[in-house]
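**Student:** Next up is a structure, given as structure tokens.
Residue numbers (our numbering): 2 to 114.
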């Protein structure tokens, strides 16, 4: 289950990198890419939470869940800017990508050990 969550988060990170390139160029992010990014992220987070519930040692996943929850909050802020037809703040998009990549690296370290 942790491997499946990692795959979904990896897809979300790749799509997020495409979205970041749109934001840095000052373009509006395509809605289909946003939905793919949000969907894969949500599935990864759901799988990670379910894995934490059914495993014997959920404390190992708590840190990763917290990192991705922070990323989700920043993502909601960026999405609300999109809904208001505002250009997304570039610095916030970079911070969002960095938090997501940090969470993915943290999860990869956990999965590979």
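Backbone N, C-alpha and C fix where the C-beta goes; we use that ideal spot for every residue, glycine too. Predicted, not measured: the structure shown is a model, and the values here were computed from it.
1) Counting only runs of 4+ residues fully inside the stretch 24 to 81, write out the alpha helix (DSSP H) ranges in chain order.
2) Under 8 Å between the Cβ atoms of residue 75 and residue 7?
3) Keeping to the same chain, check which residues put their C-beta closer than 7 Å to that of residue 11; ignore five residues upstream and five downstream.
4) Could you round the C-beta distance between residue 84 and residue 35 to whole angstroms and report it? I think they count as a contact, below 8 Å.
5) Answer yes or no: do residue 92 and residue 65 have a C-beta to C-beta separation smaller than 8 Å?
6) For residue 46, tell me which candidate among 63, 30 and 25 has the shortest Cα-Cα distance.
7) Please state if the CB of residue 103 and the CB of residue 68 are separated by a distance shorter than 8 Å.
8) What is the residue span of the alpha helix (DSSP H) that residue 102 lies within?
9) Distance, Cα to Cα, residue 98 vs residue 59?
10) Shortest alpha-carbon distance to residue 49 belongs to which of 29, 25, 81 and 5?
**Tutor:** Quick look at the numbers:
1) 32 to 55
2) no
3) 105
4) Contact flag wrong, Cβ pair sits at about 10 Å.
5) no
6) 63
7) yes
8) 91 to 113
9) 26 Å
10) 5
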